[in-house]
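Colleague:
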Amino acid sequence: MPSNADPMSLAGVHARLQALFPLGDLAPRRAGLAFVDLPATCAPPALSHLRDREGFGHLVLLTAVDWLEEELFQLTYLVCNREARLDLGLRVRIPREPARMESIHDIWPTAATYQRELREMFGIDFPGSPRLDEAFILEDWRDIPPYRRDFDTLRFARENFAERPGRETWDPASHMRQRLYPEANPGMDPSVPGDRS
Amino acid sequence: MKAELEKRLVTGPDGVEFEVDPLRDYYCDALPEVQRPAYLRIVEDLFNWARAESIWILGFGTGCGAIEMRPLMTPRFDAYRYGIQWRPTPRQANLFVISGYLSVKTLKRVIRSYEQMQNPKYVVGLGSCTLNGGMYFDSYNTIKRLDQYLPVDLYITGCMPRPEALLAGFLELKKLIRAGKAEGANQYAANFAWYKANQKQVIHDWDMPDYNW
Amino acid sequence: MSFDWMRIPWSLVTLFIVFNYGLLLNALIAKIAARVGRRHGIPLWQNYVDLIKNYGQRTTISHGVHFYLGPVFRLTGGIGLLLFVPTLYGSAYFANLSFAGDLILALYFVFFGTLGMALGAGESGHPYAALGVSRGLSQVTAAELPFALAVFAVALQYQTLSVTEIVAAQQGGIHHWTLFTNPLAVAAAMLSFLGSMMRPPFDLVLAPQEIPIGPPTEYHSSYLALLQTNRAIFPIAKVVIYMNLFFGGATNWPVFFLKVFLITMVSVVVGVVSPRFRVEQSIRWFLIWAVPIGILAILWV
Ligand code: SF4
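Protein chains in written order, with the working numbering: chain E, 80 to 276; chain X, 80 to 292; chain W, 15 to 315.
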């Protein structure tokens, strides 16, 4: 592991960034990949600092996680410094209602596409982002955004798409246990339909 | 509806204003009709034999199963031996292989392509996804039962079916065609209203005519 | 000269023979290409089956008059080309409708079908068709240049515009062929031949993998069947011209079959081992390699 003093390491980047923004602790995942939390308002300036001063020229991805219980969305900006082979993920948390985040399409134009997707799938607003409200994958979606965890996919599929009667669903793990060791699991759902073992 | 599909006034280069209604002007809205087979039984049999021996697949992969069609063109499986070829345009194809899960967005394109194919035409559903939803049974945007939306002649099961299974399926389809039992296009025309109602139930932004010739 | 009406049935016989030979030859070519790829490829009779099937499709859709006329023009081009040059030299039956100035007419017919297709495909309203046509026209025009130069060279050499007389001048041994008396013209023409046979490396216009299948994108059912019929006749007709102009013509059917087969094989052999040129590349290729040879051929005569 490179030492903290190594200016080319993620720790070095973190230390320099910490002088400017209120960062959380560095959470290393493996050599060359680490995550760090920061407040939502600091993310855009931190990203442009990373891009212009630290050589993180590539936005690898922008994605979201729905923390339903905490009423939060977490956005992850993963950026990459190709020369130094470093990946740094910036994590910010924003409230779920209203879900809004500052757009970074002026830092990386490609971010506009990610933001369109997040808008459609999670319902997160990015004011000012180009073509934000155009259909991305779904066309004319009329329910709550499908990647929100309070969206019930199973119920939605049952209500909207015709089913073929007679479809059976087996849990692979218990099914195989039943087939391979029937005597060891006598109580386990012996009436699995179609199971002729 | 997209702006370019809306009815609007256009000023021509000669200064004359005229109204354009893309959905009506650019498409023909005649509905499909049930087509009679040839009058002579022997002629129809000849045609059916030719149709069975010359299956042209529309090169449109809709889901993961499309990856299993490519090996059919390679030396190992070589579907060309059986008169099976791929055509890049729906006009010239007579078999539509729905290769796996079909999202609602793709379904819309599939319907358009299917309707552009010429009677007689066949549909093969590939993989459990087309049959009963497969592992996408609880997905928010894939249909679970293809025969609600298009007339299916044959299903090939598996997730995913191997190329051998596809070949076996195609040979089975040939038997159907030769026996004159693959009349999906006529079935579609006869039950047109039912198919359209099903299609429109899942496709919300229906911005095309009911039948795309 | 009074017109001999018996020529018409004999021309139809020619057409019939050439049509079947063309279908089989096309399948054979596909098989050769498949064997090079270590496949078995289509059965030899596949083209017949495809043809029956396409004639047997129950519905057709028209986009207007020119859409109808496109395949008809195309087929006219093929048949006209075939019928206005003598298929067999010295045969009273298979000289077809050849006459004194037929060389010029033949040159025109080579182009005729493409122009007809341009009209028809344009009418179909499909953007890919229009794109395909513009690519096709530019490529065929570029490929036609060296051929035209070679033809002029040959016409100058023999001081005639009649294909029959050109063939007559080449009789009496292999060394009388234009191939040996004017190799430059033949070289230019053969390079052009590669381009006009729609095989790799110059098959971008019709390749299914490119802008889907080019001009015939919208053609289906019996329209397509007409085009397929033409695909059997037209290449042979073109090869017949080459055979007559450069390779001594043919005096009986076996020689005809053999020569046509061998000349076609030139483009097939080049084709199966070549990747595909883009249109601007192929045009450049024709202008740089083939046209100068054609000009030299004229100067040389
Ligand atoms: S059946 Fe399996 S392989 Fe086929 S599309 Fe569905 S998930 Fe993919």
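The C-beta atom is built at its ideal place from N, Cα and C for all residues, glycine as well.
Assuming PRO160(W) contacts PHE300(W) under a Cβ cut-off of 8 Å, what Cβ separation, rounded to an integer in Å, is found between them?
Modeller: To locate residue 160(W), count along the third sequence from 1; it is residue 146. To locate residue 300(W), count along the third sequence from 1; it is residue 286. The Cβ separation is near 6 Å, so the contact holds.
Colleague: Is the beta carbon of LEU163(W) less than 8 Å from the beta carbon of ILE255(W)?
Modeller: Taking the first residue of the third sequence as 1, we reach residue 163(W) at position 149. Taking the first residue of the third sequence as 1, we reach residue 255(W) at position 241. No, they are not a contact pair.
Colleague: Within 10 angstroms of the Cβ of ILE136(X), are there 16 or more other Cβ atoms? Answer buried if so, exposed if not.
Modeller: Start at 1 with the first residue of the second sequence, and residue 136(X) comes out as number 57. The residue is buried, with at least 16 neighbouring Cβ atoms inside 10 Å.
Colleague: Just the Cα atoms here: how many angstroms apart are ALA263(E) and GLY245(E)?
Modeller: Residue numbering aside, residue 263(E) sits at position 184 when the first sequence is read from its first letter. Residue numbering aside, residue 245(E) sits at position 166 when the first sequence is read from its first letter. Each residue's alpha carbon lies about 29 Å from the other.
Colleague: In whole angstroms, give me the CA-to-CA distance for ARG258(E) and PHE216(X).
Modeller: As a working mapping, residue 258(E) is identified with position 179 in the first sequence. As a working mapping, residue 216(X) is identified with position 137 in the second sequence. ARG258(E) and PHE216(X): Cα-Cα distance of roughly 24 Å.
Colleague: Let me confirm a value: LYS252(W) is counted as buried when at least 16 other C-beta atoms fall within 10 Å, else exposed. Which label applies?
Modeller: Translated into the one-based positions of the third sequence, residue 252(W) becomes position 238. Classification of LYS252(W): buried, given that the 10 Å Cβ count is 16 or more.
Colleague: Between PRO240(X) and GLU147(X), is the Cβ-Cβ spacing less than 8 Å?
Modeller: Translated into positions along the second sequence, residue 240(X) becomes position 161. Translated into positions along the second sequence, residue 147(X) becomes position 68. Yes, these two residues count as a Cβ contact at 8 Å.
Colleague: Give a yes or no on whether the minimum CB-CB distance between ASP124(X) and chain W is below 8 Å.
Modeller: Mapped onto the second sequence, residue 124(X) falls at position 45. Answer no: the Cβ-Cβ gap between ASP124(X) and chain W never drops below 8 Å.
Colleague: Alpha carbon to alpha carbon, how far is GLU218(E) from ASP284(X)? Give it in angstroms, no decimals.
Modeller: The residue labelled residue 284(X) in the question sits at position 205 within the second sequence. The residue labelled residue 218(E) in the question sits at position 139 within the first sequence. Approximately 7 Å, taken between the alpha carbons.
Colleague: Could you tell me if ILE56(W) is buried or exposed, where buried requires 16 or more neighbouring beta carbons within 10 angstroms of its beta carbon?
Modeller: Looking up residue 56(W) in the third sequence gives position 42. It counts as buried.
Colleague: Can you name the residues that DSSP bridges to TYR219(X)?
Modeller: If you number the second sequence from 1, residue 219(X) lands on position 140. None, per the DSSP bridge assignment.
Colleague: Return no unless some Cβ of chain X is closer than 8 Å to the Cβ of ALA201(W).
Modeller: Counting from 1 along the third sequence, the entry for residue 201(W) is found at position 187. ALA201(W) does not count as touching chain X.
Colleague: By a C-beta neighbour count over all protein chains shown, 10 Å radius and 16 as the cutoff for buried, is PRO81(E) buried or exposed?
Modeller: Counting from 1 along the first sequence, the entry for residue 81(E) is found at position 2. The predicted position of PRO81(E) is uncertain, since its pLDDT is 43 and thus under 50; no value can be drawn from it.
Colleague: For ILE118(W), count neighbouring C-beta atoms within 10 Å of its own C-beta (all shown protein chains included) and say buried if the count is 16 or more, exposed if not.
Modeller: Looking up residue 118(W) in the third sequence gives position 104. Looking at its Cβ environment, which holds fewer than 16 other Cβ atoms inside 10 Å, ILE118(W) is exposed.
Colleague: Can you tell me whether CYS238(X) is buried or exposed, with buried defined as 16 or more other CB within 10 angstroms of its CB?
Modeller: Along the second sequence, one-based indexing puts residue 238(X) at 159. Looking at its Cβ environment, which holds fewer than 16 other Cβ atoms inside 10 Å, CYS238(X) is exposed.
Colleague: The beta strand (DSSP E) with CYS208(X) in it runs from where to where?
Modeller: Position 129 of the second sequence holds residue 208(X). Run containing CYS208(X): none in the beta strand (DSSP E); it sits in the alpha helix (DSSP H), 207-211.
Colleague: Hey, out of PHE33(W), THR178(W), TRP314(W) and SER138(W), whose CA is closest to LEU195(W)'s CA?
Modeller: On the third sequence, residue 195(W) is found 181 positions in, with the first residue counted as 1. Residue 195(W) is actually Thr in this sequence, not Leu. Among PHE33(W), THR178(W), TRP314(W) and SER138(W), the Cα nearest to that of THR195(W) belongs to TRP314(W).
Colleague: Identify which residue in CYS208(X), THR209(X), GLY138(X) and ALA131(X) has its Cα closest to the Cα of TRP165(X).
Modeller: Reading the second sequence from its first residue, position 86 is the one you call residue 165(X). Of the candidates CYS208(X), THR209(X), GLY138(X) and ALA131(X), the one whose C-alpha sits nearest the C-alpha of TRP165(X) is GLY138(X).
Colleague: In chain order, what residues of the region 155-187 of chain X put their CB closer than 8 Å to some CB of chain W?
Modeller: Listed by position along the chain: ASP157, TYR159, ARG160, GLY162, GLN164, TRP165, ARG166, PRO167, THR168, ARG170, GLN171 and ASN173.
Colleague: Under the three-state reduction of DSSP, which class applies to ARG227(E): helix, strand or coil?
Modeller: The residue labelled residue 227(E) in the question sits at position 148 within the first sequence. DSSP places ARG227(E) in coil when its eight states are reduced to three.
Colleague: Report the CB separation of GLN153(W) from PHE216(W) in whole angstroms; it is logged as a contact under 8 Å.
Modeller: Within the third sequence, numbered from 1, the residue matching residue 153(W) stands at position 139. Within the third sequence, numbered from 1, the residue matching residue 216(W) stands at position 202. Going by Cβ atoms, the distance from GLN153(W) to PHE216(W) rounds to 6 Å, so yes, they are a contact pair.
Colleague: For ASN211(X), which residues in the same chain have their Cβ closer than 7 Å to its Cβ, ignoring the five residues on either side in sequence?
Modeller: In the second sequence, the residue the question calls residue 211(X) occupies position 132. Excluding residues within five positions, the ones whose Cβ falls inside 7 Å are LYS223 and ARG224.
Colleague: Among ALA272(X), PHE156(X), LEU119(X) and LEU174(X), which residue has its Cα nearest to the Cα of GLY140(X)?
Modeller: As a first step, residue 140(X) is located in the second sequence; it is residue number 61 there, counting from the start. Of the listed residues, the one whose Cα sits closest to GLY140(X) is LEU174(X).
Colleague: Using a Cβ-Cβ cutoff of less than 7 Å, which residues in the same chain neighbour VAL282(W) once the five nearest sequence positions on both sides are dropped?
Modeller: Taking the third sequence and counting its residues from 1, one reaches residue 282(W) at position 268. Once the five neighbours on either side are set aside, the close Cβ partners of VAL282(W) are ILE43, ILE46 and ARG213.
Colleague: Kindly say whether VAL63(W), judged by its beta-carbon, lies nearer than 8 Å to any beta-carbon of chain X.
Modeller: For this step, residue 63(W) is matched to residue 49 along the third sequence. True, the Cβ-Cβ gap to chain X drops below 8 Å.
Colleague: When the Cα atoms are used, what is the spatial distance from SER73(W) to PRO92(X)?
Modeller: As a working mapping, residue 73(W) is identified with position 59 in the third sequence. As a working mapping, residue 92(X) is identified with position 13 in the second sequence. Before going further, note that residue 73(W) is Thr rather than Ser in the sequence given. Approximately 37 Å, taken between the alpha carbons.
Colleague: Please list, in chain order, the residues of the region 238-262 of chain E that have any C-beta partner in chain X closer than 7 Å.
Modeller: The residues in question are ASN239, PHE240, ALA241, GLU242, ARG243 and ARG246.
Colleague: Identify the contact partners of ASP219(E) in chain X, using a Cβ-Cβ distance below 7 Å as the criterion.
Modeller: Here residue 219(E) corresponds to residue number 140 of the first sequence, with the count starting at 1. What ASP219(E) touches in chain X: HIS283 and ASP284.
Colleague: Identify every run of the alpha helix (DSSP H) within the region 83-162 of chain X, keeping only runs that are complete inside it and at least 4 residues long; order them along the chain.
Modeller: Complete alpha helix (DSSP H) runs here, min 4: 101-104 and 120-132.
Colleague: Show which residues of chain X have a CB atom less than 7 Å away from the CB atom of GLU380(W).
Modeller: Chain W is shown from 15 up to 315; residue 380(W) falls before or after that span and cannot be answered.
Colleague: In whole angstroms, what is the alpha-carbon distance linking GLY263(X) and TYR274(X)?
Modeller: Your numbering for residue 263(X) matches position 184 in the second sequence. Your numbering for residue 274(X) matches position 195 in the second sequence. Going from the Cα of GLY263(X) to the Cα of TYR274(X) covers about 12 Å.
Colleague: Taking only heavy atoms of ligand 1 into account, decide whether any of them is closer than 7 Å to the Cβ of GLY4(W).
Modeller: Since the displayed chain W opens at 15 and closes at 315, residue 4(W) lies outside it and no answer follows.
Colleague: Which residues in the same chain have their Cβ closer than 7 Å to the Cβ of GLY320(W), if we skip the five residues on either side of it in sequence?
Modeller: Residue 320(W) lies beyond the range of chain W shown here (15 to 315); nothing can be said about it.
Colleague: Report yes if the CB atom of ARG164(E) is closer than 8 Å to the CB atom of GLY111(E), and no otherwise.
Modeller: In the first sequence, residue 164(E) corresponds to position 85, counting from 1. In the first sequence, residue 111(E) corresponds to position 32, counting from 1. Yes.
Colleague: Per the DSSP calculation, GLN164(X) is bridged to which residue(s)?
Modeller: Looking up residue 164(X) in the second sequence gives position 85. Per DSSP, TRP135(X).
Colleague: Assuming ASP116(W) and SER176(W) are in contact, meaning their beta carbons sit under 8 Å apart, how far apart are those beta carbons, in whole angstroms?
Modeller: For the purposes of this step, residue 116(W) is taken as residue 102 along the third sequence, with counting starting at 1. For the purposes of this step, residue 176(W) is taken as residue 162 along the third sequence, with counting starting at 1. Going by Cβ atoms, the distance from ASP116(W) to SER176(W) rounds to 6 Å, so yes, they are a contact pair.
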